[in-house]
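Residue numbers for the sequence shown, in mature numbering (1 follows the signal peptide of the UniProt record, and there is no 0): -27 to -1, 1 to 252. Quick reminder that beta carbons are idealized off the backbone N, C-alpha and C, glycines included. Just so it is clear, the structure is predicted and the values come from calculations on it, not from any experiment.
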Amino acid sequence: MKPSKKLYSTLALMVGMSLSVVSNAHADNAQNEISAQQPQMPQVLIEAQEKGYFTIIDSTPVEEYPDLRAVLTRTANGQFNLYWVNEKQNYVNVGALIQGDGINIANKYTEKLKPSIGEAFKEIHNGGLILGNDVTTNDDGVMYVFVEPHCGYCKRLERNLEPYIEKGLNVRYIPLSWMSPNTPDIIATIAKSDDKVEAMSQALRSQLKITTSSDQQIMAGLNKNSSIMRAVGLTGTPGVVYKNESGKYTLTGGLDGKNLENLANYLMKQGKMAKVATK
């Protein structure tokens, strides 16, 4: 039976839920357009790409489950979705894949397959505005957070980050402004603060007293940050950027729970190693 338009829409839009579809055949010509090096993809994914629902970015075998292949796609607005292809039983799942220990390995494979944002993100050090207490070009072990002070999800991420910041996690904020006319003044006040991380925390808790007005330099930095946000494919806040084990910049959204704990612990370990190496 030919896949319906409704099925393609579901494949393109469902995130974090489980969906199974049967794939009957493979499209050789369409597959060659994706990559001569990639294994064949199920017909349903090939046709969904041809109809413009998403673009297939890359795929890789799943170490934890030999019969599975992870396939990363990106929609026109920059949203990444991960599909699980069972190559033996010939079916496709989409969304989370949670192991017995509670770890969602979808995050691992999404980050592994995302294209590098390195060149675009490095521009943050060329006129971008970074708010932190230890801002240098060395960003080993650093968590960068794209943030809008009035963003509800940013407020939640800040609350979740507090215990890790207290333990030594190096967080650098990349501020953005679009939700309120007073955001530039909030950013200017944080930029003048001695403890910028604490000032950002106060701002996200709506407790910061605005004492400074924005100026041309602040606005130029905010404009640069907005350009970088678009260049790396971020469509909303918060956005988290960090270097993975391969030294590649990776981008993810707001994290919580075990995923945030694992990333924070990894970055704190990397930060300590970087400090030892420079002594």
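- By the criterion of a C-beta distance shorter than 7 Å, residue 198 is surrounded in its chain by 101, 102, 147, 148, 149, once the five residues flanking it on both sides are discounted.
- In this structure the segment 217 to 230 does not lie against the segment 55 to 69, because fewer than three pairs of beta carbons, one per stretch, are closer than 8 Å.
- In the three-state reduction of the DSSP assignment, residue 242 falls in the helix class, which pools H, G and I.
- Around the C-beta of residue 151, fewer than 16 other C-beta atoms lie within 10 Å, and the residue is accordingly described as exposed.
- In the structure shown, residue 116 adopts extended strand secondary structure according to DSSP, grouped into three states.
- Taking the CA atoms as reference points, residue 61 sits about 44 Å from residue 144.
- Fully contained in the segment 183 to 216 are the following beta strand (DSSP E) runs of length 3 or more, in chain order: 212 to 216.
- Residue 147 is bridged by DSSP to 119.
- Here residue 155 is not near residue 201, since their CB atoms are 8 Å or more apart.
- Within the same chain, 122, 127, 128, 131 come within 7 Å of residue 177 by CB-CB distance, once the 5 residues on both sides are set aside.
- Taken through DSSP and simplified to helix, strand or coil, residue 55 comes out as strand.
- Within the model, the alpha-carbon separation for residue 165 versus residue 135 is close to 21 Å.
- Between residue 82 and residue 162, the C-beta spacing is not below 8 Å.
- A residue is called buried when at least 16 other Cβ atoms come within 10 angstroms of its Cβ; residue 190 does not meet this threshold and is exposed.
- Counting only the Cα atoms, residue 232 lies some 12 Å from residue 240.
- Taking C-beta atoms under 8 Å as the contact rule, residue 193 and residue 181 fail to qualify, at a distance of about 22 Å.
- Inter-residue distance for residue 248 and residue 111 is about 10 Å (C-alpha atoms, whole angstroms).
- Each residue's CA atom was taken as its position, placing residue 20 and residue 59 some 18 Å apart.
- Of 42, 48, 235, the smallest CA-CA separation from residue 215 is found for 235.
- Boundaries cannot be given for residue 155, as no alpha helix (DSSP H) includes it and DSSP labels it neither H nor E.
- Rounded to whole angstroms, the separation of the alpha carbons of residue 39 and residue 64 is 14 Å.
- Within the model, the alpha-carbon separation for residue 168 versus residue 24 is close to 51 Å.
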